[in-house]
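Novice: In the working numbering, the protein residues as written are 1241 to 1456.
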Amino acid sequence: MLGEVAMGYAENDDIRIEFDGKKCIHARRCVLGLPDVFNPGAKGQWMFPDHAKADDIAKVVESCPSGALKYRAKKADLSETVQPINTAKLWENGPVEYRGRLEIAGQEKMTRAVICRCGKSKNKPFCDNSHLDGFEATGEVPAKADADRAPDDRGGEVNLNPVKNGPLMVSGHLEVVSGSGRRIACGEKFAMCRCGASKNKPFCDGSHKAVGFEAD
1241 MLGEVAMGYA ENDDIRIEFD GKKCIHARRC VLGLPDVFNP GAKGQWMFPD
1291 HAKADDIAKV VESCPSGALK YRAKKADLSE TVQPINTAKL WENGPVEYRG
1341 RLEIAGQEKM TRAVICRCGK SKNKPFCDNS HLDGFEATGE VPAKADADRA
1391 PDDRGGEVNL NPVKNGPLMV SGHLEVVSGS GRRIACGEKF AMCRCGASKN
1441 KPFCDGSHKA VGFEAD
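1. Can you tell me which of K1429, V1300, L1372, G1379 puts its alpha carbon nearest to the alpha carbon of F1278?
2. Please report the straight-line C-alpha distance between E1332 and K1360, rounded to a whole angstrom.
3. Could you tell me which uninterrupted alpha helix (DSSP H) segments, each at least 4 residues in length, are contained entirely in the stretch 1399-1449, listed from first to last along the chain?
4. When the Cα of F1366 is compared with those of D1254, D1393, E1251, D1260, which residue comes out closest?
5. By how many angstroms is the C-alpha of P1324 removed from the C-alpha of K1314?
6. Looking at the structure shown, is V1342 part of a helix, part of a strand, or coil, going by DSSP?
7. Which two residues bound the contiguous alpha helix (DSSP H) that contains R1269?
8. Near A1437, what residues of its chain come up, given a Cβ to Cβ distance below 8 Å and the 5 sequence neighbours on each side ignored?
9. Check whether the Cβ atoms of A1298 and L1318 sit closer than 8 Å, and answer yes or no.
10. Go ahead and label K1439 buried or exposed: buried means 16 or more other beta carbons lie within 10 angstroms of its beta carbon, across all protein chains shown.
11. My guess is that R1357 and A1377 are in contact by the Cβ rule of under 8 Å, so how many angstroms apart are they, rounded?
12. Taking the C-alpha atoms as reference points, what is the distance between M1241 and S1411?
13. Taking only the alpha-carbon atoms, compute the straight-line gap between S1420 and L1330 and give it to the nearest angstrom.
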């Protein structure tokens, strides 16, 4: 399994693919997108950059929601495209997928991350698929009253700061969107639930105190 490889890389003259197994949630975008390049069933090395063009590999790597896969172009004029609108997308009964210019406390800058909201991940603030053990939280919550009013600026950096034993404080221009892509809320400051107990998911309602949530 991909996640069993803690770290790894593969490269050729055109591109270097880097993998962080601790962030992998087995979304399988890589395996389904380029099975000749990403073959976890192979013995030893499982990434084969010689089996596709560098630009095709880059596209598939950018589809990885968790940021477990990254690339560095060597010869080709390639760099990861950062979407102009920062988003937090709710997964049905699962985590929140963030995309944009992300600043996560204690981490290097990222453009993609999947953040735990069930409270059970052993790799907080990142998801590790612990939600599969019965977590329920819809990805289609009702939109806030002012959700249709888009701000003038929806880009820039977004800071994600986990509060000890509390929510994820998000600051910066952000759209919160449903699993189907509907805009639920937009703004510059959010307290996002990460204990899994809020009755106002995905937003914090203070339930972490009542349930005794503990997380650095």
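The C-beta atom is built at its ideal place from N, Cα and C for all residues, glycine as well.
Specialist: Working from what's here:
1. Of the candidates K1429, V1300, L1372, G1379, the residue whose Cα lies closest to the Cα of F1278 is V1300.
2. One C-alpha to the other measures close to 16 Å.
3. Annotation note: the stretch 1399-1449 contains no uninterrupted alpha helix (DSSP H) run of length 4 or greater.
4. Closest option to F1366, Cα to Cα, is D1260.
5. Whole-angstrom Cα-Cα distance: 25 Å.
6. Here residue 1342 is Leu; the residue named in the question, Val, does not match the sequence. Strand.
7. Unbroken alpha helix (DSSP H) run through R1269: 1269-1273.
8. The answer, listed in chain order, is G1359, S1447, H1448, A1450, V1451, F1453.
9. Between A1298 and L1318, the CB-CB gap stays under 8 Å.
10. K1439 is exposed by the Cβ-count criterion.
11. Going by Cβ atoms, the distance from R1357 to A1377 rounds to 7 Å, so yes, they are a contact pair.
12. Since pLDDT at M1241 reaches only 44, below the 50 mark, its modelled position is unreliable, and the value read off the structure follows with that caveat. Just so you know, the alpha carbons of M1241 and S1411 end up roughly 35 Å apart.
13. Distance from the CA atom of S1420 to the CA atom of L1330, rounded to whole angstroms, is 9 Å.
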